[in-house]
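> Note that the working numbering has the sequence shown beginning at 1131, numbered continuously upward.
Virtual Cβ for every residue (Gly too), placed ideally from N, Cα, C.
Owing to the predicted nature of the structure, the values given are computational and were not obtained by experimental measurement.
There's a structure below that I have some questions on.
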Amino acid sequence: MQAFSIADGQIEAIAISPESLPAGMPPLLMVADGVPTLVTAQEFNASPLTTPAMLQEQGDIAFVRPNGDLVVRRCSQSTVLPSDALLDARLLTDEDDRLLLLTDASESYPHGVLGDRIEARSITLVRTKPSVEIIWTARLSDGDVVEGIAPIWSDLDGDGLRDILVTVSNSRTGARLIIFNDAGEPAAFGPAVGRGSRWRHQLAAAPFGPAGETEIVDVLTPHIGGIVEFYRLENDSLRVMAKVPGFRSHKIGSRNLDMAVAGDFDGDGRVELLVPNQTLDEIGGIRRTLGGAEVAWTLPIDGKVSTNMAAVMTGSGGLMLGVGREDGVLLVWPEP
1131 MQAFSIADGQ IEAIAISPES LPAGMPPLLM VADGVPTLVT AQEFNASPLT TPAMLQEQGD
1191 IAFVRPNGDL VVRRCSQSTV LPSDALLDAR LLTDEDDRLL LLTDASESYP HGVLGDRIEA
1251 RSITLVRTKP SVEIIWTARL SDGDVVEGIA PIWSDLDGDG LRDILVTVSN SRTGARLIIF
1311 NDAGEPAAFG PAVGRGSRWR HQLAAAPFGP AGETEIVDVL TPHIGGIVEF YRLENDSLRV
1371 MAKVPGFRSH KIGSRNLDMA VAGDFDGDGR VELLVPNQTL DEIGGIRRTL GGAEVAWTLP
1431 IDGKVSTNMA AVMTGSGGLM LGVGREDGVL LVWPEP
């Protein structure tokens, strides 16, 4: 592993611990008192395909074991919840230290474009305090799976409660976006692709709308054409508001689902989606307009994107962007 500090236009290599990670493990960076550390739970026999979730009390974590069990470690005591979690599932936490994860791993949908043929058949919400227990498990209809490694967990309808957005796929109609409410009940549905083995890559929920309305963005079939779609929640439907073709947010067969990022990267007060084009040699900054959406600006790569995109907030409140190239070069764009 390599780490760098960037300040006043100067780049400095710095030490980081541990110096390596198991193959396939995404890095989880923590900086405490100016010291960077990669967070792992390998000493507790955690899955090497994902990272632990850090809870609010120092030293408290949650992680998935190689057998799919969820382990919550609080005050040096471990509670084990058999859940058959995806081994590459990202554990999400909220302000109440609840955990959200994808469970009931299954090979029932053999699309297999996200690193393996194993997808989740349920979503599970877990309470970690004062005791550790499953609040609910939302099981999908027969034949359906969640085609992804993590939900988007955010208040999408403005009622003050977090909603749960997932991509649900099956062999008949392919992928569609579905919102579940805080009780684990299906609440809103987007359109299905219309045939199996066709994926939608959910990316972000943010105030993308022309007047700052909350919208959801995905890439429809990123491996074959790649159409950026902006959705808005209207009652129990997700309505497509705008489309922009020609983008690619994922390499087929990869577990890296982070090749796009959203934020105000040009300092104009509007949120853009940053995502590579189909040939991965340019990043487009896509912004919603009154009439649809547009590529507001582009960033040349002079090669091909090969890693996740990372955004870092600077001391002045701007966003810095980093991405890796196939030739091993790290590209960094400072805030505007």
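Should residue 1230 and residue 1294 be called a contact, given that it needs their Cβ atoms to be closer than 8 Å?
Yes, the pair counts as a contact, with Cβ atoms nearer than the cut-off.
> Threshold first: 3 residues or longer. Then list the beta strand (DSSP E) segments lying entirely within the region 1248-1303, N to C.
Qualifying beta strand (DSSP E) stretches, in chain order: 1249-1257, 1263-1269, 1282-1284, 1293-1300.
> Do residue 1219 and residue 1308 come within 8 Å of each other at the CB atom, strictly closer than that value?
Against a cut-off of 8 Å, the Cβ pair of residue 1219 and residue 1308 comes out as no contact.
> Contact check, residue 1156 vs residue 1170 under 8 Å by CB: the rounded distance?
Contact flag wrong, Cβ pair sits at about 11 Å.
> Three or more beta-carbon pairs under 8 Å between the region 1358-1378 and the region 1329-1347, yes or no?
Taking 8 Å as the limit for Cβ pairs, the verdict is that the region 1329-1347 does touch the region 1358-1378.
> Starting from the C-beta of residue 1412, find all residues in its chain whose C-beta is less than 8 Å away, skip the five residues before and the five after it, and write them out in chain order.
Answer for residue 1412: 1406, 1428, 1429, 1430, 1431, listed in chain order.
> Rounding to the nearest angstrom, what Cα-Cα distance links residue 1130 and residue 1390 in this structure?
Any property of residue 1130 remains undetermined from this structure, which presents the chain solely from 1131 to 1466.
> Which term fits residue 1302, buried or exposed, when burial requires 16 or more other beta carbons within 10 angstroms of its beta carbon?
Exposed, since its Cβ has fewer than 16 Cβ neighbours within 10 Å.
> Should residue 1160 be labelled buried (16 or more other beta-carbon atoms within 10 Å of its own) or exposed?
That one is exposed.
> Report the three-state DSSP secondary structure of residue 1140 (helix, strand or coil).
Note: residue 1140 maps to strand in three-state DSSP.
> Taking the beta strand (DSSP E) that residue 1373 falls in, what are its first and last residues?
Taken as a continuous stretch (DSSP letters only), the beta strand (DSSP E) holding residue 1373 covers 1367-1375.
> Candidates 1143, 1257, 1164, 1445: which alpha carbon is nearest residue 1201's?
It is 1257.
> Please give me, in chain order, every unbroken run of the beta strand (DSSP E) with length at least 3 that falls completely inside the region 1407-1456.
As far as the region 1407-1456 is concerned, its whole beta strand (DSSP E) runs of at least 3 residues are 1412-1419, 1422-1430, 1435-1443, 1449-1455.
> Under three-state DSSP, which class holds residue 1332?
It is a strand residue.
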